[in-house]
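I have placed the structure first, in the form of C-alpha coordinates, so that the comments after it can refer back to it.
In UniProt numbering, the protein residues as written are 1 to 456.
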(Lines of atoms letter the chains of each structure in order from A and count residues from 1; the text may use other names and numbers.)
(Lines give C-alpha, C1' and ligand atoms only; values in the text may rest on other atoms or scores of the structure.)
Protein backbone atom coordinates (compact mmCIF):
# COMPACT_ATOMS: atom_id res chain seq x y z
CA UNK A 1 0.00 0.00 0.00
CA UNK A 2 1.04 3.61 0.02
CA UNK A 3 2.84 6.04 2.27
CA UNK A 4 -0.43 6.51 4.16
CA UNK A 5 0.53 3.43 6.14
CA UNK A 6 3.43 5.31 7.67
CA UNK A 7 0.74 7.11 9.67
CA UNK A 8 -0.76 4.81 12.34
CA UNK A 9 -4.15 6.52 12.13
CA UNK A 10 -4.51 5.64 8.44
CA UNK A 11 -3.55 2.02 9.11
CA UNK A 12 -6.05 1.88 11.93
CA UNK A 13 -8.71 3.43 9.70
CA UNK A 14 -8.30 0.69 7.10
CA UNK A 15 -8.39 -1.99 9.80
CA UNK A 16 -11.52 -0.44 11.27
CA UNK A 17 -13.18 -0.17 7.84
CA UNK A 18 -12.53 -3.87 7.32
CA UNK A 19 -13.74 -4.83 10.79
CA UNK A 20 -16.93 -2.79 10.38
CA UNK A 21 -17.97 -5.25 7.66
CA UNK A 22 -17.00 -8.32 9.69
CA UNK A 23 -13.52 -8.74 8.23
CA UNK A 24 -10.30 -9.49 10.09
CA UNK A 25 -6.61 -8.83 9.44
CA UNK A 26 -3.58 -10.28 11.21
CA UNK A 27 -1.31 -8.50 8.73
CA UNK A 28 -0.01 -4.96 8.28
CA UNK A 29 2.24 -3.04 5.91
CA UNK A 30 5.67 -2.08 7.23
CA UNK A 31 8.84 -0.58 5.82
CA UNK A 32 12.28 -2.16 6.03
CA UNK A 33 15.42 -0.79 7.66
CA UNK A 34 15.84 1.83 4.92
CA UNK A 35 12.79 3.71 6.21
CA UNK A 36 10.74 5.79 3.79
CA UNK A 37 13.09 4.86 0.94
CA UNK A 38 12.15 1.20 1.32
CA UNK A 39 9.01 -0.28 -0.23
CA UNK A 40 6.21 -1.37 2.04
CA UNK A 41 6.02 -5.07 2.83
CA UNK A 42 3.06 -7.07 4.07
CA UNK A 43 3.89 -8.85 7.32
CA UNK A 44 2.03 -10.90 9.86
CA UNK A 45 1.12 -9.29 13.18
CA UNK A 46 0.54 -12.58 15.01
CA UNK A 47 1.43 -16.25 14.78
CA UNK A 48 -0.48 -17.88 11.91
CA UNK A 49 -0.79 -21.65 11.88
CA UNK A 50 -0.63 -23.58 8.62
CA UNK A 51 -3.95 -23.55 6.72
CA UNK A 52 -5.29 -20.75 8.92
CA UNK A 53 -6.46 -17.37 7.52
CA UNK A 54 -4.45 -14.22 8.20
CA UNK A 55 -6.89 -11.99 6.31
CA UNK A 56 -10.66 -12.21 5.79
CA UNK A 57 -12.21 -9.64 3.45
CA UNK A 58 -16.00 -9.59 2.88
CA UNK A 59 -17.13 -8.96 -0.70
CA UNK A 60 -18.22 -5.44 0.26
CA UNK A 61 -14.61 -4.57 1.03
CA UNK A 62 -12.91 -5.53 -2.23
CA UNK A 63 -13.42 -4.31 -5.79
CA UNK A 64 -14.05 -6.98 -8.40
CA UNK A 65 -14.68 -6.81 -12.12
CA UNK A 66 -17.70 -9.03 -11.52
CA UNK A 67 -19.34 -6.70 -8.98
CA UNK A 68 -18.63 -3.65 -11.15
CA UNK A 69 -20.55 -5.23 -14.02
CA UNK A 70 -23.43 -6.13 -11.72
CA UNK A 71 -23.70 -2.63 -10.29
CA UNK A 72 -22.05 0.66 -11.35
CA UNK A 73 -20.83 -0.46 -14.77
CA UNK A 74 -23.79 -2.61 -15.75
CA UNK A 75 -24.57 -0.25 -18.64
CA UNK A 76 -21.39 -1.44 -20.40
CA UNK A 77 -23.08 -4.70 -21.40
CA UNK A 78 -25.28 -2.87 -23.89
CA UNK A 79 -23.36 0.32 -24.63
CA UNK A 80 -19.76 -0.98 -24.77
CA UNK A 81 -19.80 -4.81 -24.82
CA UNK A 82 -16.37 -4.95 -26.49
CA UNK A 83 -14.62 -3.71 -23.31
CA UNK A 84 -16.03 -6.38 -21.01
CA UNK A 85 -12.77 -8.09 -20.10
CA UNK A 86 -11.85 -8.38 -16.39
CA UNK A 87 -8.67 -6.22 -16.31
CA UNK A 88 -10.31 -3.35 -18.22
CA UNK A 89 -13.50 -3.48 -16.15
CA UNK A 90 -11.54 -3.59 -12.89
CA UNK A 91 -9.37 -0.64 -13.94
CA UNK A 92 -12.46 1.30 -15.01
CA UNK A 93 -14.14 0.56 -11.68
CA UNK A 94 -11.05 1.81 -9.86
CA UNK A 95 -11.04 4.94 -12.02
CA UNK A 96 -14.72 5.54 -11.20
CA UNK A 97 -14.34 5.16 -7.44
CA UNK A 98 -11.13 7.16 -7.44
CA UNK A 99 -12.98 10.03 -9.12
CA UNK A 100 -15.64 9.90 -6.39
CA UNK A 101 -13.07 10.68 -3.69
CA UNK A 102 -14.39 10.47 -0.15
CA UNK A 103 -17.87 9.73 -1.47
CA UNK A 104 -16.71 6.33 -2.73
CA UNK A 105 -17.63 3.33 -0.63
CA UNK A 106 -14.10 2.05 -1.35
CA UNK A 107 -12.32 5.25 -0.31
CA UNK A 108 -10.23 3.62 2.49
CA UNK A 109 -9.06 0.93 0.06
CA UNK A 110 -8.24 3.37 -2.74
CA UNK A 111 -6.42 5.66 -0.31
CA UNK A 112 -4.18 2.74 0.68
CA UNK A 113 -3.07 1.92 -2.88
CA UNK A 114 0.38 2.99 -4.14
CA UNK A 115 0.72 6.48 -5.54
CA UNK A 116 2.40 7.21 -8.85
CA UNK A 117 5.63 8.02 -7.00
CA UNK A 118 5.56 4.59 -5.39
CA UNK A 119 5.15 2.92 -8.79
CA UNK A 120 8.49 4.30 -9.96
CA UNK A 121 9.83 0.82 -10.80
CA UNK A 122 7.06 0.33 -13.36
CA UNK A 123 8.12 1.35 -16.90
CA UNK A 124 5.07 3.64 -17.11
CA UNK A 125 6.47 5.69 -14.22
CA UNK A 126 10.22 5.28 -14.73
CA UNK A 127 12.58 8.15 -15.30
CA UNK A 128 13.77 8.30 -18.95
CA UNK A 129 17.26 7.07 -18.04
CA UNK A 130 15.81 4.07 -16.20
CA UNK A 131 13.44 3.31 -19.06
CA UNK A 132 16.38 3.31 -21.50
CA UNK A 133 18.00 0.58 -19.40
CA UNK A 134 15.30 -1.76 -20.71
CA UNK A 135 15.99 -1.02 -24.37
CA UNK A 136 16.39 -4.20 -26.39
CA UNK A 137 14.58 -6.39 -23.84
CA UNK A 138 11.19 -8.04 -23.98
CA UNK A 139 10.11 -5.70 -21.17
CA UNK A 140 10.84 -2.65 -23.32
CA UNK A 141 8.67 -4.03 -26.13
CA UNK A 142 5.87 -4.89 -23.69
CA UNK A 143 6.03 -1.48 -22.04
CA UNK A 144 5.96 0.30 -25.40
CA UNK A 145 2.87 -1.66 -26.43
CA UNK A 146 1.19 -0.92 -23.11
CA UNK A 147 1.94 2.80 -23.39
CA UNK A 148 0.17 2.78 -26.73
CA UNK A 149 -2.74 0.80 -25.30
CA UNK A 150 -3.12 3.24 -22.41
CA UNK A 151 -3.55 6.17 -24.78
CA UNK A 152 -5.72 4.29 -27.26
CA UNK A 153 -8.09 2.83 -24.66
CA UNK A 154 -8.42 6.24 -23.02
CA UNK A 155 -9.37 7.96 -26.27
CA UNK A 156 -11.49 5.17 -27.75
CA UNK A 157 -13.29 3.95 -24.64
CA UNK A 158 -12.67 5.77 -21.36
CA UNK A 159 -13.59 9.23 -22.63
CA UNK A 160 -16.80 8.07 -24.41
CA UNK A 161 -17.80 5.89 -21.44
CA UNK A 162 -17.31 8.69 -18.92
CA UNK A 163 -19.12 11.21 -21.13
CA UNK A 164 -22.11 8.93 -21.86
CA UNK A 165 -25.49 10.19 -20.67
CA UNK A 166 -26.15 7.12 -18.49
CA UNK A 167 -22.58 6.82 -17.25
CA UNK A 168 -21.91 6.72 -13.48
CA UNK A 169 -19.08 9.19 -14.17
CA UNK A 170 -21.77 11.84 -14.60
CA UNK A 171 -20.22 13.19 -17.78
CA UNK A 172 -16.94 14.10 -16.04
CA UNK A 173 -13.95 12.63 -17.85
CA UNK A 174 -11.00 11.79 -15.56
CA UNK A 175 -7.56 12.81 -16.87
CA UNK A 176 -5.32 10.40 -18.74
CA UNK A 177 -2.94 10.32 -15.77
CA UNK A 178 -5.63 8.74 -13.59
CA UNK A 179 -6.38 6.11 -16.22
CA UNK A 180 -2.66 5.31 -16.41
CA UNK A 181 -2.60 4.93 -12.62
CA UNK A 182 -5.74 2.76 -12.58
CA UNK A 183 -4.28 0.39 -15.15
CA UNK A 184 -0.93 0.27 -13.36
CA UNK A 185 -2.63 -0.62 -10.07
CA UNK A 186 -4.67 -3.30 -11.82
CA UNK A 187 -1.52 -4.84 -13.32
CA UNK A 188 0.43 -4.66 -10.07
CA UNK A 189 -2.06 -5.28 -7.29
CA UNK A 190 -4.98 -7.30 -8.61
CA UNK A 191 -5.27 -11.04 -8.16
CA UNK A 192 -7.50 -13.65 -9.77
CA UNK A 193 -9.41 -15.74 -7.25
CA UNK A 194 -10.57 -19.21 -8.31
CA UNK A 195 -14.29 -19.65 -7.86
CA UNK A 196 -15.43 -22.05 -5.10
CA UNK A 197 -17.34 -24.10 -7.69
CA UNK A 198 -16.84 -24.19 -11.45
CA UNK A 199 -19.43 -22.33 -13.44
CA UNK A 200 -20.63 -20.16 -10.55
CA UNK A 201 -22.07 -16.91 -11.88
CA UNK A 202 -21.25 -18.03 -15.38
CA UNK A 203 -17.47 -18.04 -14.94
CA UNK A 204 -14.98 -20.89 -14.81
CA UNK A 205 -11.62 -19.14 -14.43
CA UNK A 206 -12.26 -16.99 -11.36
CA UNK A 207 -12.79 -13.32 -10.60
CA UNK A 208 -10.25 -10.50 -10.66
CA UNK A 209 -10.15 -8.35 -7.52
CA UNK A 210 -8.40 -5.52 -5.70
CA UNK A 211 -8.40 -6.13 -1.96
CA UNK A 212 -7.06 -4.40 1.18
CA UNK A 213 -3.46 -5.26 2.14
CA UNK A 214 -2.78 -7.58 -0.81
CA UNK A 215 -1.05 -4.79 -2.75
CA UNK A 216 1.89 -5.03 -0.32
CA UNK A 217 2.32 -8.79 -0.50
CA UNK A 218 5.43 -9.94 -2.34
CA UNK A 219 4.95 -11.90 -5.54
CA UNK A 220 6.12 -15.51 -5.46
CA UNK A 221 5.56 -18.68 -7.43
CA UNK A 222 3.37 -21.20 -5.62
CA UNK A 223 5.44 -23.99 -7.17
CA UNK A 224 8.47 -22.74 -5.25
CA UNK A 225 7.13 -23.67 -1.80
CA UNK A 226 9.19 -26.85 -1.69
CA UNK A 227 12.44 -24.96 -2.24
CA UNK A 228 14.79 -23.93 0.55
CA UNK A 229 13.45 -20.81 2.23
CA UNK A 230 14.95 -20.75 5.70
CA UNK A 231 14.42 -17.00 6.12
CA UNK A 232 10.73 -16.80 5.34
CA UNK A 233 9.77 -16.78 9.02
CA UNK A 234 12.37 -14.23 10.06
CA UNK A 235 10.73 -11.06 11.45
CA UNK A 236 13.38 -8.82 9.91
CA UNK A 237 12.64 -10.12 6.41
CA UNK A 238 16.23 -11.14 5.71
CA UNK A 239 15.39 -13.30 2.70
CA UNK A 240 17.79 -12.51 -0.14
CA UNK A 241 16.17 -10.12 -2.57
CA UNK A 242 17.90 -11.80 -5.50
CA UNK A 243 16.25 -15.18 -4.86
CA UNK A 244 12.63 -16.00 -5.68
CA UNK A 245 10.64 -16.45 -2.48
CA UNK A 246 8.08 -19.22 -2.25
CA UNK A 247 4.46 -18.20 -1.88
CA UNK A 248 3.64 -18.62 1.82
CA UNK A 249 0.00 -17.59 1.48
CA UNK A 250 -2.84 -18.35 -0.89
CA UNK A 251 -5.81 -16.11 -1.68
CA UNK A 252 -9.09 -18.01 -1.89
CA UNK A 253 -12.72 -17.12 -2.53
CA UNK A 254 -15.04 -18.79 -0.04
CA UNK A 255 -18.61 -19.87 -0.93
CA UNK A 256 -20.03 -16.69 0.64
CA UNK A 257 -17.64 -14.66 -1.59
CA UNK A 258 -15.38 -13.70 1.29
CA UNK A 259 -11.72 -13.39 0.31
CA UNK A 260 -9.50 -15.46 2.60
CA UNK A 261 -5.71 -15.17 2.65
CA UNK A 262 -4.62 -18.53 4.06
CA UNK A 263 -1.16 -19.51 5.31
CA UNK A 264 0.41 -22.38 3.39
CA UNK A 265 3.03 -22.78 6.13
CA UNK A 266 3.14 -21.74 9.77
CA UNK A 267 4.26 -18.11 10.05
CA UNK A 268 5.77 -16.30 13.02
CA UNK A 269 4.79 -12.71 13.90
CA UNK A 270 6.58 -10.29 11.58
CA UNK A 271 7.00 -12.83 8.77
CA UNK A 272 6.89 -11.46 5.23
CA UNK A 273 3.79 -12.48 3.30
CA UNK A 274 4.16 -13.60 -0.31
CA UNK A 275 1.36 -14.51 -2.72
CA UNK A 276 1.28 -15.95 -6.22
CA UNK A 277 -0.10 -13.17 -8.44
CA UNK A 278 0.22 -15.36 -11.53
CA UNK A 279 3.01 -16.98 -13.55
CA UNK A 280 5.15 -14.28 -15.14
CA UNK A 281 8.56 -14.02 -16.74
CA UNK A 282 10.87 -11.28 -15.48
CA UNK A 283 9.96 -9.15 -18.49
CA UNK A 284 6.29 -9.44 -17.53
CA UNK A 285 7.06 -8.91 -13.84
CA UNK A 286 8.94 -5.70 -14.55
CA UNK A 287 6.09 -4.30 -16.61
CA UNK A 288 3.30 -5.49 -14.30
CA UNK A 289 4.86 -5.13 -10.85
CA UNK A 290 8.22 -3.39 -11.21
CA UNK A 291 9.97 -6.50 -9.92
CA UNK A 292 12.40 -9.16 -11.15
CA UNK A 293 13.83 -12.25 -9.49
CA UNK A 294 16.90 -14.35 -10.22
CA UNK A 295 16.17 -17.93 -11.19
CA UNK A 296 12.68 -17.15 -12.45
CA UNK A 297 11.31 -20.46 -13.74
CA UNK A 298 9.07 -18.64 -16.22
CA UNK A 299 11.85 -16.66 -17.90
CA UNK A 300 12.26 -16.84 -21.65
CA UNK A 301 13.22 -14.61 -24.58
CA UNK A 302 10.63 -13.78 -27.22
CA UNK A 303 11.12 -13.15 -30.93
CA UNK A 304 8.97 -13.28 -34.04
CA UNK A 305 9.31 -13.64 -37.78
CA UNK A 306 7.79 -10.95 -39.98
CA UNK A 307 5.10 -12.28 -42.31
CA UNK A 308 6.71 -10.43 -45.21
CA UNK A 309 9.88 -12.53 -44.83
CA UNK A 310 8.09 -15.86 -45.35
CA UNK A 311 8.08 -17.63 -48.73
CA UNK A 312 5.49 -16.13 -51.06
CA UNK A 313 4.65 -19.47 -52.66
CA UNK A 314 0.88 -19.69 -52.38
CA UNK A 315 1.07 -22.03 -49.38
CA UNK A 316 0.15 -19.48 -46.71
CA UNK A 317 -3.15 -21.17 -45.81
CA UNK A 318 -1.50 -24.56 -45.19
CA UNK A 319 1.34 -22.88 -43.29
CA UNK A 320 -1.15 -21.06 -41.05
CA UNK A 321 -3.16 -24.22 -40.43
CA UNK A 322 -0.11 -26.25 -39.35
CA UNK A 323 1.19 -23.48 -37.09
CA UNK A 324 -2.18 -23.04 -35.41
CA UNK A 325 -2.95 -26.73 -35.00
CA UNK A 326 0.44 -27.79 -33.69
CA UNK A 327 1.67 -24.74 -31.77
CA UNK A 328 -1.28 -22.38 -31.36
CA UNK A 329 0.59 -19.76 -33.38
CA UNK A 330 -0.43 -17.26 -36.00
CA UNK A 331 2.10 -15.99 -38.51
CA UNK A 332 3.98 -13.16 -36.79
CA UNK A 333 3.30 -14.43 -33.26
CA UNK A 334 6.01 -14.51 -30.61
CA UNK A 335 8.13 -17.64 -30.13
CA UNK A 336 10.42 -18.29 -27.20
CA UNK A 337 14.00 -19.25 -26.41
CA UNK A 338 15.37 -20.47 -23.08
CA UNK A 339 18.79 -20.12 -21.48
CA UNK A 340 19.33 -23.88 -21.14
CA UNK A 341 17.99 -25.15 -24.45
CA UNK A 342 16.35 -24.32 -27.74
CA UNK A 343 12.71 -25.45 -27.41
CA UNK A 344 11.83 -28.15 -29.93
CA UNK A 345 8.56 -26.39 -30.73
CA UNK A 346 10.41 -23.21 -31.67
CA UNK A 347 12.63 -24.96 -34.21
CA UNK A 348 9.70 -26.92 -35.61
CA UNK A 349 7.64 -23.75 -36.00
CA UNK A 350 10.53 -22.05 -37.79
CA UNK A 351 10.79 -25.05 -40.09
CA UNK A 352 7.08 -24.84 -40.90
CA UNK A 353 7.52 -21.16 -41.71
CA UNK A 354 10.42 -21.90 -44.07
CA UNK A 355 9.09 -25.10 -45.68
CA UNK A 356 8.30 -25.39 -49.37
CA UNK A 357 4.73 -26.26 -50.46
CA UNK A 358 5.76 -29.89 -50.97
CA UNK A 359 7.38 -30.09 -47.54
CA UNK A 360 4.37 -28.39 -45.96
CA UNK A 361 1.99 -30.97 -47.37
CA UNK A 362 4.03 -33.71 -45.70
CA UNK A 363 4.28 -31.84 -42.41
CA UNK A 364 0.53 -31.23 -42.41
CA UNK A 365 -0.07 -34.99 -42.35
CA UNK A 366 1.86 -35.50 -39.10
CA UNK A 367 -0.62 -35.95 -36.22
CA UNK A 368 -0.66 -33.27 -33.55
CA UNK A 369 1.58 -34.27 -30.65
CA UNK A 370 3.90 -36.33 -32.83
CA UNK A 371 7.37 -34.78 -33.28
CA UNK A 372 8.21 -33.67 -36.79
CA UNK A 373 10.96 -35.57 -38.60
CA UNK A 374 12.50 -32.66 -40.44
CA UNK A 375 14.66 -33.10 -43.53
CA UNK A 376 18.22 -32.08 -42.70
CA UNK A 377 18.22 -29.18 -45.13
CA UNK A 378 14.96 -27.80 -43.72
CA UNK A 379 16.17 -28.21 -40.15
CA UNK A 380 19.36 -26.31 -40.93
CA UNK A 381 17.40 -23.57 -42.68
CA UNK A 382 15.23 -23.19 -39.57
CA UNK A 383 18.33 -23.00 -37.39
CA UNK A 384 19.95 -20.43 -39.68
CA UNK A 385 16.83 -18.29 -39.33
CA UNK A 386 17.01 -18.73 -35.57
CA UNK A 387 20.65 -17.61 -35.51
CA UNK A 388 19.70 -14.53 -37.53
CA UNK A 389 16.86 -13.70 -35.13
CA UNK A 390 19.23 -14.01 -32.16
CA UNK A 391 21.82 -11.79 -33.82
CA UNK A 392 19.21 -9.12 -34.43
CA UNK A 393 18.08 -9.25 -30.80
CA UNK A 394 21.64 -9.13 -29.45
CA UNK A 395 22.32 -6.00 -31.45
CA UNK A 396 19.65 -4.13 -29.52
CA UNK A 397 21.27 -4.09 -26.07
CA UNK A 398 23.20 -1.09 -24.77
CA UNK A 399 26.13 -3.13 -23.44
CA UNK A 400 27.78 -6.53 -23.74
CA UNK A 401 26.96 -9.49 -21.55
CA UNK A 402 30.25 -9.12 -19.64
CA UNK A 403 29.57 -5.45 -18.95
CA UNK A 404 26.00 -6.16 -17.84
CA UNK A 405 27.09 -8.98 -15.53
CA UNK A 406 29.63 -6.67 -13.89
CA UNK A 407 27.05 -3.89 -13.51
CA UNK A 408 24.51 -6.35 -12.10
CA UNK A 409 26.88 -7.43 -9.33
CA UNK A 410 27.35 -3.79 -8.33
CA UNK A 411 23.65 -2.84 -8.47
CA UNK A 412 21.28 -2.66 -5.53
CA UNK A 413 18.63 -5.43 -5.54
CA UNK A 414 15.09 -4.18 -5.95
CA UNK A 415 16.00 -1.08 -7.92
CA UNK A 416 14.86 -0.45 -11.49
CA UNK A 417 18.50 -0.68 -12.61
CA UNK A 418 19.00 -4.05 -10.96
CA UNK A 419 15.79 -5.41 -12.49
CA UNK A 420 16.77 -4.23 -15.97
CA UNK A 421 20.25 -5.72 -15.69
CA UNK A 422 18.90 -9.01 -14.37
CA UNK A 423 16.66 -9.23 -17.41
CA UNK A 424 19.36 -8.15 -19.86
CA UNK A 425 21.80 -10.73 -18.54
CA UNK A 426 19.27 -13.55 -18.78
CA UNK A 427 18.20 -12.60 -22.29
CA UNK A 428 21.75 -12.30 -23.59
CA UNK A 429 22.72 -15.63 -22.03
CA UNK A 430 19.69 -17.27 -23.67
CA UNK A 431 20.43 -15.72 -27.05
CA UNK A 432 24.10 -16.65 -26.94
CA UNK A 433 23.29 -20.16 -25.74
CA UNK A 434 21.00 -20.55 -28.74
CA UNK A 435 24.03 -20.65 -30.99
CA UNK A 436 24.83 -17.03 -31.84
CA UNK A 437 28.38 -15.81 -32.32
CA UNK A 438 31.37 -18.13 -32.24
CA UNK A 439 29.38 -21.36 -31.84
CA UNK A 440 28.20 -21.20 -35.44
CA UNK A 441 25.57 -23.05 -37.38
CA UNK A 442 26.80 -26.62 -36.92
CA UNK A 443 26.73 -26.49 -33.13
CA UNK A 444 23.27 -24.92 -33.29
CA UNK A 445 21.86 -28.26 -34.37
CA UNK A 446 23.03 -29.98 -31.20
CA UNK A 447 20.50 -28.70 -28.59
CA UNK A 448 17.56 -29.30 -30.90
CA UNK A 449 18.77 -32.71 -32.07
CA UNK A 450 19.28 -33.85 -28.49
CA UNK A 451 15.86 -32.56 -27.46
CA UNK A 452 14.24 -34.24 -30.45
CA UNK A 453 15.82 -37.61 -29.64
CA UNK A 454 14.51 -37.30 -26.09
CA UNK A 455 11.00 -36.75 -27.38
CA UNK A 456 11.25 -39.73 -29.72
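We put the CB at the ideal spot given by N, CA and C, even for glycine.
In this text, all values refer to a predicted model and were calculated from it rather than measured experimentally.
For residue i, report the span of its alpha helix (DSSP H) as first-last.
i: residue 113; result: Neither: residue 113 is in no alpha helix (DSSP H) and is coded neither H nor E.
i: residue 88; result: 86 to 100
i: residue 291; result: Taken as a continuous stretch (DSSP letters only), residue 291 belongs to no alpha helix (DSSP H), as it is neither H nor E.
i: residue 318; result: 316 to 327
i: residue 76; result: 76 to 79
i: residue 358; result: 357 to 364
i: residue 134; result: Premise fails: residue 134 is in no alpha helix (DSSP H) and is neither H nor E.
i: residue 350; result: 344 to 354
i: residue 331; result: Where residue 331 is concerned, there is no enclosing alpha helix (DSSP H), given that its DSSP letter is neither H nor E.
Since I believe residue j is in contact with residue i (beta carbons under 8 Å), could you give me their beta-carbon distance rounded to a whole number of angstroms?
i: residue 188; j: residue 288; result: 6 Å
i: residue 40; j: residue 29; result: 4 Å
i: residue 97; j: residue 63; result: 7 Å
i: residue 368; j: residue 319; result: No, residue 368 and residue 319 are not in contact; Cβ-Cβ is about 16 Å, not under 8 Å.
i: residue 216; j: residue 42; result: 4 Å
i: residue 263; j: residue 423; result: With 8 Å as the limit, residue 263 and residue 423 do not qualify as a contact, their Cβ atoms being about 31 Å apart.
i: residue 481; j: residue 411; result: For residue 481 there is no data in the structure shown, the boundaries of the chain being 1 and 456.
i: residue 61; j: residue 23; result: 6 Å
Considering only the beta carbon of each residue, do residue i and residue j sit closer than 8 Å?
i: residue 123; j: residue 286; result: yes
i: residue 304; j: residue 335; result: yes
i: residue 136; j: residue 426; result: no
i: residue 276; j: residue 307; result: no
i: residue 406; j: residue 342; result: no
i: residue 354; j: residue 378; result: yes
i: residue 84; j: residue 69; result: yes
i: residue 89; j: residue 55; result: no
i: residue 192; j: residue 278; result: yes
i: residue 79; j: residue 21; result: no
i: residue 91; j: residue 195; result: no
i: residue 366; j: residue 372; result: yes
i: residue 72; j: residue 207; result: no
i: residue 218; j: residue 272; result: yes
i: residue 138; j: residue 302; result: yes
i: residue 386; j: residue 347; result: yes
i: residue 351; j: residue 429; result: no
i: residue 157; j: residue 176; result: no
i: residue 344; j: residue 211; result: no
In angstroms with no decimal places, state the Cα-to-Cα distance between residue i and residue j.
i: residue 442; j: residue 383; result: A caution first: residue 442 carries a pLDDT of 45, below 50, which makes its placement in the model unreliable, though a value can still be read off. Cα-Cα distance, rounded: 9 Å.
i: residue 404; j: residue 120; result: 22 Å
i: residue 152; j: residue 253; result: 33 Å
i: residue 11; j: residue 162; result: 32 Å
i: residue 15; j: residue 59; result: 15 Å
i: residue 111; j: residue 214; result: 14 Å
i: residue 227; j: residue 415; result: Since pLDDT at residue 227 reaches only 41, below the 50 mark, its modelled position is unreliable, and the value read off the structure follows with that caveat. Their backbone Cα atoms lie some 25 Å apart in a straight line.
i: residue 53; j: residue 269; result: 14 Å
i: residue 356; j: residue 337; result: 24 Å
i: residue 393; j: residue 174; result: 39 Å
i: residue 13; j: residue 93; result: 22 Å
i: residue 399; j: residue 294; result: 20 Å
i: residue 167; j: residue 178; result: 17 Å
i: residue 75; j: residue 99; result: 18 Å
i: residue 220; j: residue 77; result: 35 Å
i: residue 251; j: residue 261; result: 4 Å
i: residue 381; j: residue 388; result: 11 Å
i: residue 45; j: residue 417; result: 32 Å
i: residue 409; j: residue 292; result: 15 Å
i: residue 51; j: residue 258; result: 16 Å
i: residue 25; j: residue 169; result: 32 Å
i: residue 108; j: residue 274; result: 23 Å
For the beta strand (DSSP E) holding residue i, just list the boundary residues, first then last.
i: residue 191; result: 191 to 193
i: residue 209; result: 207 to 210
i: residue 250; result: 249 to 253
i: residue 260; result: 259 to 263
i: residue 127; result: No beta strand (DSSP E) holds residue 127; DSSP gives it neither H nor E.
i: residue 303; result: 301 to 303
i: residue 337; result: 335 to 337
Within the region 17 to 73, note down every full alpha helix (DSSP H) run reaching 4 residues or more, in order along the chain.
65 to 70
Unbroken beta strand (DSSP E) runs of length 3 or more, entirely within the region 373 to 419: which are they?
none
Ignoring anything shorter than 3 residues or poking outside the region 150 to 198, list the beta strand (DSSP E) runs there in chain order.
191 to 193
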